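So the working numbering is basically just the index in the sequence shown, starting at one, shifted up by 70.
Quick reminder that beta carbons are idealized off the backbone N, C-alpha and C, glycines included.
Note that this is a predicted model, so its numbers are computed, not measured.
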Amino acid sequence: MPDFKNGKIIVFSGAGISAESGIATFRDSDGLWAKHDPNTICNYRNWESNYELVHSFYNKRRKELESKLPNPAHKLIKRLEDEFGIINITQNIDNLFEKAGCKNVVHLHGELTSLRCIRCECIIEIGYKAYDFSPCPKCGAERLKPNVVFFYENAPKYAELYTIFNNICDDDIVLVIGTSGEVVNICYLLNKGYKILNNLEKCPSIDENIFDSVYYRNASVALPLIYEEIKRLKG
Ligand code: APR
């Protein structure tokens with residue numbers, strides 16, 4: 071019989087947890103990739119040939135982020151962090167977990183509020199401002215990149231993801247929220263632990279049968295129920 075009381079809580083999230091805060095997802099019918107071509111604005115192989123367009127796209131999303139607020143789902147994840155401690159891994163580049171007070175969030179795909187120098191790799195915090203095409207303050211390189219992992223780009227944080235998931239044991243609880251599984255094949259990484267899924271609807275790349283508990287509803291409605299379920303498991 072697993073000892074959830076002494077196990078870890080691992081939270082893995084995607085764009086769906088921020089949808090109710092007014093941040094578009096990617097693959098829903100009204101998602102970002104329905105309106106913008108990811109091969110033009112999120113493709114490491116050609117982004118420099120679309121340099122101004124790429125920065126215009128991320129400048130706009132950065133500006134929009136300033137007024138976005140965490141929703142009840144983010145706040146309940148913060149509550150789980152306060153009460154039990156969590157490992158919080160997100161694919162999201164927004165800072166809504168941080169705005170909710172979460173610490174040590176692992177951003178697998180980078181963060182919208184910073185830039186990265188493609189020569190010296192230094193990270194430059196930019197907050198919600200538009201990049202003004204100034205050179206790298208450290209090495210003087212002319213071009214900086216949004217600190218967001220593009221398609222075909224190396225994603226160093228995945229090593230941390232695999233380590234975390236390789237160390238999941240039967241006493242742990244894994245909460246997967248708001249992801250289609252189209253980029254991180256989360257079901258492939260999941261084998262041990264008590265698994266909880268929250269999405270808006272069934273997704274082809276997420277096998278609901280591997281989960282112990284499934285909630286197909288808005289994250290802000292599901293999380294209060296999931297919080298109570300985790301409290302029961304934790305005794
Ligand atoms: N509450 C809960 N889940 C929701 C909600 C909501 N209000 N709205 C949407 N969802 C779910 C959808 O059911 C879907 O499964 O969120 C998921 C969104 O899927 P995607 O748009 O594919 O987002 P995500 O899985 O985070 O994408 C992964 O793809 O393009 C890359 O780098 C990008 O990090 C992103 C990655």
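Residue state for I266 is assigned as strand, using DSSP reduced to three classes. About 15 Å separates the beta carbon of V244 from that of I87, a gap too long to meet the 8 Å contact definition. Between D242 and K262, the CB-CB gap stays under 8 Å. With respect to the C-alpha of V124, the residue from R213, R97, H144 and S99 having the closest C-alpha is R213. Judged by the Cβ position, E271 qualifies as a neighbour of the ligand APR at the 7 Å threshold, a heavy atom of the ligand being closer than this. Residue pairing by DSSP places T160 opposite S83 and H177 in a beta bridge. In the displayed model, R186 falls within a strand according to three-state DSSP. N269 and G248 do touch by the CB rule: their CB atoms are close to 6 Å apart, below 8 Å.
A distance below 6 Å between beta-carbons, with the five flanking residues on each side excluded, links Y285 to the following residues of its chain, in chain order: N268 and A292. For N217, the uninterrupted beta strand (DSSP E) run begins and ends at L214 to V218, by DSSP. Annotation: Y258 is outside any beta strand (DSSP E); the continuous alpha helix (DSSP H) that includes it extends over I256 to L259. No Cβ-Cβ contact shorter than 8 Å links S250 with R131. Residue state for V284 is assigned as strand, using DSSP reduced to three classes. Under DSSP, V244 forms a beta bridge with I80 and K265.
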